[in-house]
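S.K.: Note that my numbering has the sequence shown beginning at 899, numbered continuously upward.
Glycine is no exception: its CB is placed at the ideal position from the N, C-alpha and C atoms.
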Amino acid sequence: MLAFLLSLASSSAVGDPSILKFDRIVDGTGEALQHREIAVDDGRIVAVGDDLARLYPKAEVVDLQDLTAVPGLIDVHVHMTYGLREAPVGDPWAALFASPAEDRLVASVWNARATISSGVTTARDLNALDHVDFQIRALIRSGIVVGPRLLLSGPAFHPLLLPPVPEGESRDVVAEFSRQARNRVEMGTDWIKIFATTGSAEDISGEQVFFYPEIHAATEIAHEAGIRVAVHCYGPSAVPDALRAGVDSIEHAVGMSDELLREWAATGVFYVPTIDHNRYYADHRSEYGYDSATEENLRSFVARNTETLRRAIKHGIPIAMGSDAVMSMFGENARELEWFVEAGMTPGEALHTATMNGARLLGLAETLGRIAEGYTADFVGVDGNPLEDIRAVSRRVRWVMKDGVVVLDRGQR
Ligand SMILES: [Zn+2]
């Protein structure tokens, strides 16, 4: 039974903390702490230890001893606004493109709620139109909607989203990218998202559509303004240009040679593999009207993606968890971690990608991704030991706190 507690019951006044008592605490380092208690005050962790009631005799003690605490998860690739108000007649993508902004806002309310129920307390949204991403973020921030804190890209740089060129003229892509990058900075986005190759949903092609000069121009403007750049690359084709342009993360990419992975590792750019979303499309193919050949393509892409990740891990490329959740996938955000373990990570290393690494990619490593004094009070209570079985995190989330407020409690406490 889902119970969303909107009251501020768990965020006591300053100077009068709550003490959360768990069976075990696993930090974003991917290791279990020696301690079992966390004291939370005004949305922050004020102490981690044992017998904290002696330190704070007036504190309310919350018994969560049937659960393991992990930091609030960070999903660095979602599409919160890709959703439908009602089950579509026919193609869901066509229905999405035809749907008015207010319907997408309603859908994103459900997506936000499902996301935080999966333990994700922070997410990066990579492409939205009509300011719906800003609207859902404002609703979450004001407490009207339950959902993760969001970092946004606004509209992505996509061939279909560029203004039309008059007949007989050719496009100055660098000038257009520079203009759009300045526009995103003015708009107040946290990120710029560039689709540098084709490939999405049933289309698994990876043909390069944008190149070094324009990616570099946008990245320079973004970095000068203190915002970051994520590049969509389905195949390896655009990866060298993206790395050379100094972007911050590369999404999806498969099929890189070991030589390219070695170059990549030297840059420190993050890899966000997004393996699980193609498993989702394959599992839900009837919902999308995909035939069995498409399903096979999707499953083979999953296998190639996992194989690429296995080699990326060996090369030491920093990895962050991104689900690429859309439509009915929200709530399964952390299943990506199961592929990370499949590709050779320990469960602790997989957890690290969805906590400390996610925080680092988002520039929030000082406040998120750890269970330590001074950090934001974002925790997930899971059933079981995630260091033995990552599915404790990906499938057995029982309790979620964000900013010191309980937002989900599936227990009988
Ligand atoms: Zn995506």
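What does DSSP give as the partner residue(s) for M1299 in the beta ladder?
M.R.: Reading the sequence shown from its first residue, position 401 is the one you call residue 1299. For M1299, which the question treats as bridged, DSSP gives the partners F1277, V1304.
S.K.: How would you label T966, buried or exposed, when you count the other beta carbons within 10 angstroms and need 16 or more for buried?
M.R.: Translated into positions along the sequence shown, residue 966 becomes position 68. The residue in question, T966, is buried, as its Cβ has 16 or more Cβ neighbours within 10 Å.
S.K.: Got a sec: does ligand 1 put a non-hydrogen atom nearer than 6 Å to the Cβ of D1307?
M.R.: In the sequence shown, residue 1307 corresponds to position 409, counting from 1. Not a single heavy atom of ligand 1 lies less than 6 Å from the C-beta of D1307.
S.K.: Is the distance from the Cβ of V1107 to the Cβ of P1057 below 7 Å?
M.R.: By one-based count along the sequence shown, residue 1107 stands at place 209. By one-based count along the sequence shown, residue 1057 stands at place 159. A Cβ-Cβ contact shorter than 7 Å links V1107 with P1057.
S.K.: Per DSSP, K1091 forms a beta bridge with which residues?
M.R.: The count along the sequence shown starts at 1 and reaches residue 1091 at position 193. Partner(s): A1128.
S.K.: Taking its Cβ as the centre, do 16 or more other Cβ atoms sit within 10 Å of D1281, making it buried, or is it exposed?
M.R.: Your numbering for residue 1281 matches position 383 in the sequence shown. So D1281 ends up on the buried side.
S.K.: Per the contact definition of three or more C-beta pairs closer than 8 Å, is the segment 1195-1203 in contact with the segment 1174-1181?
M.R.: yes
S.K.: Can you have a look at G1214 and say buried or exposed, based on whether 16 or more other CB atoms are within 10 angstroms of its CB?
M.R.: In the sequence shown, counting from the first residue as 1, residue 1214 sits at position 316. G1214 is exposed by the Cβ-count criterion.
S.K.: Counting C-beta neighbours from all protein chains within 10 Å, is the total for E984 16 or more, i.e. buried, or is it exposed?
M.R.: Sequence index remark: in the sequence shown, residue 984 carries index 86 (1-based). With fewer than 16 other Cβ atoms within 10 Å, it is exposed.
S.K.: Taking just the CA atoms, how far does A951 sit from P1216?
M.R.: On the sequence shown, residue 1216 is found 318 positions in, with the first residue counted as 1. On the sequence shown, residue 951 is found 53 positions in, with the first residue counted as 1. Their backbone Cα atoms lie some 39 Å apart in a straight line.
S.K.: Could you check whether L1141 and T1165 sit closer than 7 Å to each other, using their CB atoms as the reference points?
M.R.: Your numbering for residue 1165 matches position 267 in the sequence shown. Your numbering for residue 1141 matches position 243 in the sequence shown. Contact flag set, yes.
S.K.: So, is P915 buried or exposed, given that buried needs 16 or more other C-beta atoms within 10 angstroms?
M.R.: By one-based count along the sequence shown, residue 915 stands at place 17. Counting Cβ neighbours within 10 Å, P915 comes out buried, since at least 16 surround it.
S.K.: Among residues of its own chain, excluding the 5 on either side of L1050, which ones have a beta-carbon nearer than 6 Å to its beta-carbon?
M.R.: For this step, residue 1050 is matched to residue 152 along the sequence shown. Only D1023, D1031, T1087, D1088 meet the Cβ criterion.
S.K.: Quick check on the burial criterion: 16 or more other C-beta atoms within 10 angstroms. Buried or exposed for V987?
M.R.: To locate residue 987, count along the sequence shown from 1; it is residue 89. Per the 10 Å Cβ criterion, exposed.
S.K.: For V1212, name the three-state secondary structure that DSSP assigns.
M.R.: Numbered from 1 along the sequence shown, position 314 holds the residue referred to as residue 1212. Note that residue 1212 is Lys in the sequence shown, not Val. The answer is helix: DSSP assigns K1212 an H, G or I state.
S.K.: Evaluate the contact criterion for the segment 917-928 versus the segment 1239-1256: three or more CB pairs, one atom per stretch, below 8 Å.
M.R.: yes
S.K.: Measuring alpha carbon to alpha carbon, tell me which residue in R1039, S1068, R1082, D973 is nearest L1027.
M.R.: Counting from 1 along the sequence shown, the entry for residue 1027 is found at position 129. Here the closest residue by C-alpha is R1082.
S.K.: Have a look at R1293 and Y1132 and give me their C-alpha separation to the nearest angstrom.
M.R.: Stepping through the sequence shown from its first residue, residue 1293 is reached at position 395. Stepping through the sequence shown from its first residue, residue 1132 is reached at position 234. About 27 Å.
S.K.: From A1021 to D948, what distance separates their C-alpha atoms?
M.R.: Against the sequence shown, residue 1021 aligns to sequence position 123. Against the sequence shown, residue 948 aligns to sequence position 50. Per the coordinates, the alpha-carbon of A1021 lies some 31 Å from the alpha-carbon of D948.
S.K.: Looking at D1222 and ligand 1, is the gap between the Cβ and the nearest heavy atom below 6 Å?
M.R.: Residue numbering aside, residue 1222 sits at position 324 when the sequence shown is read from its first letter. Answer for D1222: yes, Cβ within range of ligand 1.
S.K.: How about the segment 1285-1292 and the segment 972-979: do they share at least three Cβ pairs that are nearer than 8 Å?
M.R.: no
S.K.: In its own chain, which residues sit with a C-beta less than 7 Å from the C-beta of A1143, not counting the 5 before and 5 after it?
M.R.: Along the sequence shown, one-based indexing puts residue 1143 at 245. Same-chain partners within the cutoff: Y1110, I1113, H1114, T1117.
S.K.: Could you name each continuous alpha helix (DSSP H) segment of 4 residues or more that falls completely within the segment 1169-1237, going from the start of the chain to the end?
M.R.: 1174-1181, 1183-1186, 1190-1213
S.K.: Once DSSP output is grouped into helix, strand and coil, what is the label at A1164?
M.R.: Along the sequence shown, one-based indexing puts residue 1164 at 266. A1164: helix per DSSP, three-state reduction.
S.K.: Could you tell me the alpha carbon to alpha carbon distance between A1010 and E1065, rounded to whole angstroms?
M.R.: What you label residue 1010 is simply residue 112 of the sequence shown in a count that begins at 1. What you label residue 1065 is simply residue 167 of the sequence shown in a count that begins at 1. A1010 and E1065: Cα-Cα distance of roughly 42 Å.
S.K.: I need the straight-line Cα distance from I936 to N1283, nearest angstrom please.
M.R.: Translated into positions along the sequence shown, residue 936 becomes position 38. Translated into positions along the sequence shown, residue 1283 becomes position 385. Straight-line Cα distance between these residues: approximately 18 Å.
S.K.: So which of I1034, D1307, L1306, D1276 has the shortest CA-CA distance to L971?
M.R.: Within the sequence shown, residue 971 is the residue found at index 73, counting from 1. The option with the nearest alpha carbon to L971 is D1276.
S.K.: Going by Cα to Cα distance, which pick from H1182, A1191, W1237 is closest to T1206?
M.R.: Within the sequence shown, numbered from 1, the residue matching residue 1206 stands at position 308. The residue among H1182, A1191, W1237 with its C-alpha nearest the C-alpha of T1206 is W1237.
S.K.: Relative to the alpha-carbon of T1096, which residue among R1080, F1228, N1203, V1129 has its alpha-carbon at the smallest distance?
M.R.: As a position in the sequence shown, residue 1096 is number 198, starting the count at 1. Relative to the Cα of T1096, the nearest Cα in the group R1080, F1228, N1203, V1129 belongs to V1129.
S.K.: Alpha carbon to alpha carbon, how far is G1267 from E1193? Give it in angstroms, no decimals.
M.R.: On the sequence shown, residue 1193 is found 295 positions in, with the first residue counted as 1. On the sequence shown, residue 1267 is found 369 positions in, with the first residue counted as 1. Their backbone Cα atoms lie some 35 Å apart in a straight line.
S.K.: Figure out for me which residue from I923, D939, P1134 has the closest Cα to the Cα of Q932.
M.R.: For this step, residue 932 is matched to residue 34 along the sequence shown. Nearest option by C-alpha distance: I923.
S.K.: Leaving out five residues before and five after R1296 in sequence, what residues of the same chain have Cβ atoms less than 7 Å from its Cβ?
M.R.: Mapped onto the sequence shown, residue 1296 falls at position 398. Short of 7 Å from the beta carbon of R1296, and not among the five residues preceding or following it, lie these beta carbons of its own chain, in chain order: L965, G1279, V1280, D1281, R1308, G1309.
S.K.: Excluding the 5 residues flanking M1085 on each side, which residues of the same chain have their C-beta closer than 7 Å to its C-beta?
M.R.: Position 187 of the sequence shown, counted from the start, is the residue given in the question as residue 1085. So the list reads G1052, once near-sequence residues are dropped.
S.K.: Helix, strand or coil for D1031, going by three-state DSSP, please let me know.
M.R.: Stepping through the sequence shown from its first residue, residue 1031 is reached at position 133. Looking at D1031 - three-state DSSP - the assignment turns out to be helix.
S.K.: Ends of the alpha helix (DSSP H) at I1014?
M.R.: Start at 1 with the first residue of the sequence shown, and residue 1014 comes out as number 116. It spans 999-1015 - the alpha helix (DSSP H) in which I1014 sits, taken as one unbroken run.
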